[in-house]
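Engineer:
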Ligand SMILES: Nc1ncnc2c1ncn2[C@@H]1O[C@H](COP(=O)(O)OP(=O)(O)O)[C@@H](O)[C@H]1O
Ligand SMILES: [Mg+2]
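In my numbering, the protein residues as written are 12 to 397.
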């Protein structure tokens with residue numbers, strides 16, 4: 012079999028993490044190339060397109076994006092192009108974007124039942140006082156939604172200080188969050204590395220001196236830990252909900268258990284490999300070796316292949332006349348039922364005789380406009396009958 016070709020998208024070939032991934036990929040018999048995402052050009056054409064590097068189209072089987080925060084936009088569009096070309100990427104463009112914005116990630120994860128610090132988005136210094144009272148008063152945390160390595164994260168002890176700070180951060184065009192301060196976790200947090208849905212390593216980070224931020228880059232130290240199951244589960248779930256296959260999940264140690272802070276899509280490997288003694292880079296390469304052959308995909312792209320086709324959702328609390336009917340009575344021509352969402356369950360490609368229940372959601376695939384017309388038409392018909 013041909014050796015798999017791996018592209019590491021990174022601006023720092025000399026960085027510890029990049030070097031470790033190259034070494035492990037070499038050891039696994041892959042052909043590796045480090046590509047600076049800013050030195051690529053993208054070609055969109057009537058086929059799948061190309062990523063050009065130093066004059067040649069890249070022909071690879073898998074990509075590891077190691078995209079720094081300052082080049083998110085440029086890096087993510089290269090990742091997206093590789094996805095279009097059917098190349099396996101760990102992580103995908105959408106997953107990187109979801110995790111990179113702290114507010115977006117918290118919205119998704121809290122909706123899935125994962126504990127996050129109480130957070131308020133503030134868009135004017137006038138909102139600050141209200142925001143602070145919503146998250147439990149001072150002291151509280153003020154942070155920018157897109158910061159990293161502890162930059163743009165502040166502990167404030169007075170409302171006046173918070174107002175000044177928010178005013179300045181907004182003037183610098185940041186998205187600003189006011190957040191509950193988890194004081195029992197002052198100066199420490201837990202970093203869990205999740206690879207392919209499994210925890211491969213974990214460590215506790217402890218800050219330097221009186222600093223409340225535990226980031227490694229601010230001179231914090233790292234400790235080994237035995238990760239409790241509860242923490243492992245939250246880390247795995249958080250990565251899965253964001254679609255992250257390789258991630259560093261940061262958890263605070265709250266009184267009631269783990270509180271999710273953020274998920275990093277290009278986690279640094281140096282601190283964690285040294286603290287845990289685990290060959291994290293090796294785990295990442297091993298997962299890629301397996302997964303590039305069977306990739307997860309974005310269903311949306313498959314669904315939109317045929318013009319005018321797509322998925323729609325029919326909520327039975329909006330269309331109660333369908334309750335108690337069978338799927339075969341309801342389903343529009345040329346379409347089919349992908350799933351029925353019933354409470355916490357999904358019933359995939361359900362039997363045509365299945366009876367619909369209150370609060371069911373029917374997810375239909377087919378010609379969107381005629382599905383809409385069919386359902387609206389049925390509404391009139393059943394109104395006329397009753
Ligand atoms: N709500 C909070 N309560 C307590 N400590 C926090 C809170 N938010 C952040 N911290 C501390 O500050 C550090 C950096 O915050 P984080 O949101 O992870 O930003 P960054 O993306 O810059 O790392 C965390 O690792 C943690 O130690
Ligand atoms: Mg962090």
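Beta carbons: idealized from backbone N, C-alpha and C, even for Gly.
Helix, strand or coil for residue 112 per DSSP?
Structural biologist: coil
Engineer: Going along the chain, which residues of its own chain have a beta-carbon closer than 8 Å to the beta-carbon of residue 53, five neighbours each way excluded?
Structural biologist: 60, 61, 62, 63, 88, 89 and 92
Engineer: Out of 281, 334, 264 and 253, state which residue places its alpha-carbon closest to the alpha-carbon of residue 115.
Structural biologist: Minimum Cα-Cα distance from residue 115 among the listed residues 281, 334, 264 and 253 corresponds to 253.
Engineer: Could you check whether the Cβ of residue 293 sits closer than 9 Å to any Cβ belonging to chain D?
Structural biologist: Among the chains of the structure shown, chain D does not appear; only one protein chain is present.
Engineer: Which word fits residue 395, buried or exposed, when buried means at least 16 other C-beta atoms lie within 10 angstroms of its C-beta?
Structural biologist: Unreliable placement is indicated for residue 395, whose pLDDT of 44 sits below 50; the coordinate value is still reported in the next sentence. Around the beta carbon of residue 395, a 10 Å sphere encloses fewer than 16 other beta carbons of the protein chains shown; the residue is thus reported as exposed.
Engineer: Could you check if residue 328 is buried or exposed, using at least 16 other CB atoms within 10 Å of its CB as the buried criterion?
Structural biologist: exposed
Engineer: Measure how close the beta-carbons of residue 190 and residue 152 come, nearest whole angstrom, since I'm counting them as under 8 Å.
Structural biologist: 4 Å
Engineer: Roughly how many whole angstroms lie between the Cα atoms of residue 25 and residue 373?
Structural biologist: 51 Å
Engineer: What three-state label does DSSP hand residue 65 in the structure shown?
Structural biologist: coil
Engineer: Between residue 23 and the rest of its own chain, which residues show a CB-CB distance below 6 Å, the 5 nearest in sequence each way excluded?
Structural biologist: 29
Engineer: So what's residue 119 in DSSP terms, helix, strand or just coil?
Structural biologist: helix
Engineer: Around the Cβ of residue 142, are there at least 16 other Cβ atoms within 10 angstroms (buried) or fewer (exposed)?
Structural biologist: buried
Engineer: Which residue or residues does DSSP assign as beta-bridge partners of residue 359?
Structural biologist: Residue 359 has 350 as its beta-bridge partners, per DSSP.
Engineer: What is the residue span of the beta strand (DSSP E) that residue 52 lies within?
Structural biologist: 51-54
Engineer: Assess, as a yes-or-no matter, whether the segment 288-297 is touched by the segment 330-346 under the definition of 3 or more beta carbon pairs within less than 8 Å.
Structural biologist: A contact between stretches requires three or more CB pairs, one per stretch, nearer than 8 Å, and the segment 330-346 fails this requirement with the segment 288-297.
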